[in-house]
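Colleague: Please see the structure below; I have some questions.
Chains as they are written, first to last, in full-length UniProt numbering: chain G, 1 to 375; chain X, 1 to 375.
See the structure below:
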């Protein structure tokens, strides 16, 4: 592992998940910057973790020379030819119906068939979720899978996690409960936090505020805190996302996606303004040179490449979506995250808890229906 | 005006709006930090703009000594006693029914009766909107009023505007069109931009993405671009909010509020990380001292106090909501914004355009119903 991956969730294998050799199925064709960046990312991962092997999906005529130029990949990378590529403009529904020859389909197929332990793609998020859902299927108790991201935060772990950040544009109360369960398992597994703090994203922290499904979710998530082994801090606002109030932020995929991208855009804006300010005078420039180490630390701390990788939760398999614009460092971070998750065995624990939660919701609904009958 | 208000919308009075003396109706009781901050903000405004006069609403026993300590307010500030105060926990519906004795109600009442030209409150946003709606009424063609904020951005004006950031938790397609019209008038008036660029906030820029009402709004806003004298850039993402792609960002109040607070929270996080980094070594500290001027400029550029004030659009009256946690500088910025808006005459132009837009939507609906009958 390179040092900038140290913060990523560390596996605590305990239920027979694969140890030793981990095979990551990688879609070579989805990156904005072309397959060479993805191959370079694989090579970087290979150099830092000798247990990794790769299945690389895409146009073999393009990939073979790229792989041949990376000594780190010798004997550790199998190219799986795919004729077609999913583009950013392809509709997920189209890819679901006509995408069987794409590198993305093949990437997830290798996970489904057990040839690989985890999958990574830089491609079209909607299509990747659709292809993953149709091949891997949802876990029991999950109606809507979610994408979880890590977010730089003030807390002791340096990060918190937010979900859903873009798998679906809406979420019902039951989905939001499932997101809480999945997010808690992911965060506990990743950071060793026994009782992660869960917050539900809303426009205010008062209980009477917000949309109906969010108020209903507030009740469901509060009721489930004891069984789910988390602390429910109630509603949180946008300003709380990077705070030390909360470890797991639960929201629908529309809101989460907007919040994620707004946060990224704002961080970049401030960093750019800082750079401009420091170039505005000779004195400032000299100051910046002296503070170079410190400013570099800041840049690393908010560098989106460090936390590259949206994890798909709620599917029967570990899929990590890398940023389309990720460079080799970013792709390597996503691969590292996928490998760690595959080794960690979080999947079995999550499945168990989701079934319990779904059962609890069902029981509550039955009880309320019975009460309704009686009254 | 103090120099840090130079960027605020500048009035271009052209339709008989009040010139000369501007009376601002100020709710003295809503601030998190108590009335002294509000009174200090009024005094600051009074010092920088000799045309301003104040109606200050709240507990006169508290306010009288505070005002007496501010020479700038002598002869320019009338205290209007109110027995009660709206708290942050009060439900808007409760305040609407039982809030007639509050300083907030009195503040808006002075605007309704014509005693003041604009109103400012630091209090409970939901209650302020409810009290404003019930007293001032909505403009013709407006179903849902909106709150517009200014956002630091890369464009030549240094800001763009986003609405709704919290008036209502939902918005239909027609509301989003009205937001576009209101935002365009506000931005054009404020920054002298003839054809502001409008973007509709969504989870992707592809036309097939997003919720149904947003896709419908895309069509309405696109169709209305010529009449409304704006350029429609289509869907924008969270990362585009501070960009140079767009001047007016249209979204529902739930999403807008989360985006606004996420942006504020992220900017604060980065600034805090920067401060920590610069204290991490003696060399960095020396560098920071040399770059002090430049870093000060950065701080000013992203200082939320500079753009303090959410403007309520779509009501028959100019109401500005200041941050509850604003200090005297922030309160003064909100008062300055309210005064400029009151003088600018943007209200008449906005009313005209909203009626035209509502008529166009109605005509389109009629035409589509007729076509439906024929087919």
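For every residue, glycine included, the Cβ atom is placed at its ideal position computed from N, Cα and C. This structure is a prediction, so every number in the text was calculated from the model and none was measured.
Looking only at C-alpha atoms, which of X:257, X:113 and X:295 sits nearest to residue 272 (chain X)?
Modeller: Out of X:257, X:113 and X:295, X:295 has the C-alpha closest to the C-alpha of residue 272 (chain X).
Colleague: Taking the runs of the beta strand (DSSP E) that are 3 residues or longer, which of them lie wholly in the stretch 316–364 of chain G?
Modeller: The qualifying runs are 319–321.
Colleague: At the 8 angstroms Cβ level, is residue 238 (chain G) part of the contact set with chain X, yes or no?
Modeller: Yes, residue 238 (chain G) counts as interfacial toward chain X.
Colleague: Cβ closer than 7 angstroms: which chain G residues qualify as neighbours of residue 242 (chain X)?
Modeller: Ordered by position in chain G, the residues that pass the 7 angstroms Cβ test against residue 242 (chain X) are 265, 266 and 269.
Colleague: Report the three-state DSSP secondary structure of residue 195 (chain G) (helix, strand or coil).
Modeller: Here residue 195 (chain G) sits in coil by DSSP.
Colleague: Looking at C-beta atoms only, is the number of pairs between the stretch 322–331 of chain X and the stretch 28–48 of chain X that lie closer than 8 angstroms three or more?
Modeller: The answer is yes - the stretch 28–48 of chain X touches the stretch 322–331 of chain X, with three or more Cβ pairs under 8 angstroms.
Colleague: For residue 16 (chain G), count the other beta carbons within 10 Å of its own beta carbon; 16 or more makes it buried, fewer makes it exposed. Which is it?
Modeller: Residue placement at residue 16 (chain G) cannot be trusted, given a pLDDT of 33 that sits under 50; what the coordinates show is reported in the next sentence. By the neighbour-count rule (16 or more Cβ atoms within 10 Å), residue 16 (chain G) is not buried but exposed.
Colleague: List, from N- to C-terminal side, the beta strand (DSSP E) runs of 3 residues or more that fit wholly inside the stretch 228–280 of chain G.
Modeller: Listed in chain order, they are 231–236 and 248–250.
Colleague: Measuring only the C-alpha atoms, how far is residue 1 (chain G) from residue 147 (chain G)?
Modeller: Because the pLDDT at residue 1 (chain G) is just 30, under 50, the model does not fix this residue reliably, and the value given afterwards should be weighed accordingly. In a straight line, the C-alpha of residue 1 (chain G) is about 24 angstroms away from that of residue 147 (chain G).
Colleague: Just the chain C side, please: which residues come within less than 7 angstroms of residue 197 (chain G) by C-beta, in chain order?
Modeller: Among the protein chains in the structure shown, which are G and X, there is no chain C.
Colleague: Consider the C-beta atom of residue 156 (chain G) and the heavy atoms of the ligand ADP; say whether any pair is separated by less than 7 angstroms.
Modeller: This structure lacks the ligand ADP; in fact it carries no ligand of any kind.
Colleague: Just to confirm, are residue 335 (chain X) and residue 45 (chain X) a CB contact at a threshold of 8 angstroms?
Modeller: Result yes, Cβ atoms of residue 335 (chain X) and residue 45 (chain X) sit closer than 8 angstroms.
Colleague: Report the rounded CA-to-CA distance for residue 342 (chain X) versus residue 318 (chain X), giving the unit in angstroms.
Modeller: Their Cα atoms are separated by approximately 6 angstroms.
Colleague: Restricting to Cα atoms, I'd like to know which of X:167, X:90, X:247 and X:184 is closest to residue 155 (chain X).
Modeller: Of the candidates X:167, X:90, X:247 and X:184, the one whose C-alpha sits nearest the C-alpha of residue 155 (chain X) is X:247.
Colleague: Can you name the residues of chain G whose CB is closer than 7 angstroms to the CB of residue 85 (chain X)?
Modeller: The contacting residues do not exist; residue 85 (chain X) stays about 17 angstroms from chain G at best.
Colleague: Count the other CB atoms within 10 Å of the CB of residue 11 (chain X); is the residue buried (16 or more) or exposed (fewer)?
Modeller: Legend: pLDDT at residue 11 (chain X) = 36, less than 50; position of this residue unreliable, value from coordinates given subsequently. Per the 10 Å Cβ criterion, buried.
Colleague: Does the beta-carbon of residue 197 (chain G) have 16 or more other beta-carbons within 10 angstroms, so that it is buried, or is it exposed?
Modeller: Residue 197 (chain G) comes out buried.
Colleague: Using 8 angstroms as the cut-off, can you tell me whether the stretch 135–145 of chain G makes contact with the stretch 231–240 of chain G, which would need three or more C-beta pairs spanning the two stretches below that distance?
Modeller: No, because fewer than three Cβ pairs between the stretch 135–145 of chain G and the stretch 231–240 of chain G fall closer than 8 angstroms, the two stretches do not touch.
Colleague: Are the C-beta of residue 203 (chain G) and some C-beta of chain X separated by less than 8 angstroms?
Modeller: Yes, contact with chain X.
Colleague: I'd like to know whether the C-beta of residue 211 (chain X) is nearer than 8 angstroms to at least one C-beta of chain G.
Modeller: Closer than 8 angstroms: yes.
Colleague: Which of the three DSSP states is assigned to residue 371 (chain X) in this structure?
Modeller: Looking at residue 371 (chain X) - three-state DSSP - the assignment turns out to be helix.
Colleague: Would residue 89 (chain G) count as contacting chain X if we go by Cβ distances under 8 angstroms?
Modeller: For residue 89 (chain G), the answer is yes, since a Cβ of chain X falls inside 8 angstroms of its Cβ.
Colleague: Should residue 266 (chain X) be labelled buried (16 or more other beta-carbon atoms within 10 Å of its own) or exposed?
Modeller: Buried, since its Cβ has 16 or more Cβ neighbours within 10 Å.
Colleague: Hey, is residue 172 (chain X)'s beta-carbon within less than 8 angstroms of any beta-carbon in chain G?
Modeller: So, not an interface residue.
Colleague: Using the C-alpha atoms, what's the distance from residue 183 (chain X) back to residue 228 (chain X)?
Modeller: For residue 228 (chain X) and residue 183 (chain X), the distance between alpha carbons rounds to 11 angstroms.
Colleague: Give a yes or no on whether the minimum CB-CB distance between residue 262 (chain X) and chain G is below 8 angstroms.
Modeller: Answer yes: the Cβ-Cβ gap between residue 262 (chain X) and chain G drops below 8 angstroms somewhere.
Colleague: Closer than 7 angstroms by C-beta to residue 28 (chain X): which residues in its own chain qualify, once you throw out the five before and the five after it? Chain order, please.
Modeller: Here the set comprises 35, 38, 39, 56, 57, 58, 63 and 103.
Colleague: Exposed or buried, what is residue 74 (chain G) when buried is set at 16 or more other beta-carbons lying within 10 Å of its beta-carbon?
Modeller: Exposed, because fewer than 16 other Cβ atoms sit within 10 Å of the Cβ of residue 74 (chain G).
Colleague: Taking only three categories from DSSP, how would you classify residue 81 (chain G)?
Modeller: Here residue 81 (chain G) sits in strand by DSSP.
Colleague: Just to confirm my understanding: we take residue 377 (chain G), look at its own chain, exclude 5 residues before and 5 after, and list those with CB closer than 7 angstroms. What are they?
Modeller: Missing from the structure shown is residue 377 (chain G); chain G here goes from 1 to 375 and no further.
Colleague: Residue 63 (chain G) CB to nearest chain X CB: under 8 angstroms?
Modeller: Chain X contact via Cβ: absent.
Colleague: Determine the DSSP secondary structure at residue 44 (chain G), reduced to helix, strand or coil.
Modeller: Note: residue 44 (chain G) maps to helix in three-state DSSP.
Colleague: Please report the straight-line C-alpha distance between residue 70 (chain X) and residue 43 (chain X), rounded to a whole angstrom.
Modeller: Rounded to the nearest angstrom, the two C-alpha atoms are 6 angstroms apart.
Colleague: So, is the C-beta of residue 102 (chain G) closer than 8 angstroms to a C-beta in chain X?
Modeller: With 8 angstroms as the cut-off, residue 102 (chain G) does not count as an interface residue toward chain X.
Colleague: Given this structure, state the Cα-to-Cα distance separating residue 181 (chain X) from residue 357 (chain X), to the nearest angstrom.
Modeller: Each residue's alpha carbon lies about 8 angstroms from the other.
Colleague: For residue 282 (chain X), count the other beta carbons within 10 Å of its own beta carbon; 16 or more makes it buried, fewer makes it exposed. Which is it?
Modeller: Under this definition residue 282 (chain X) is an exposed residue.
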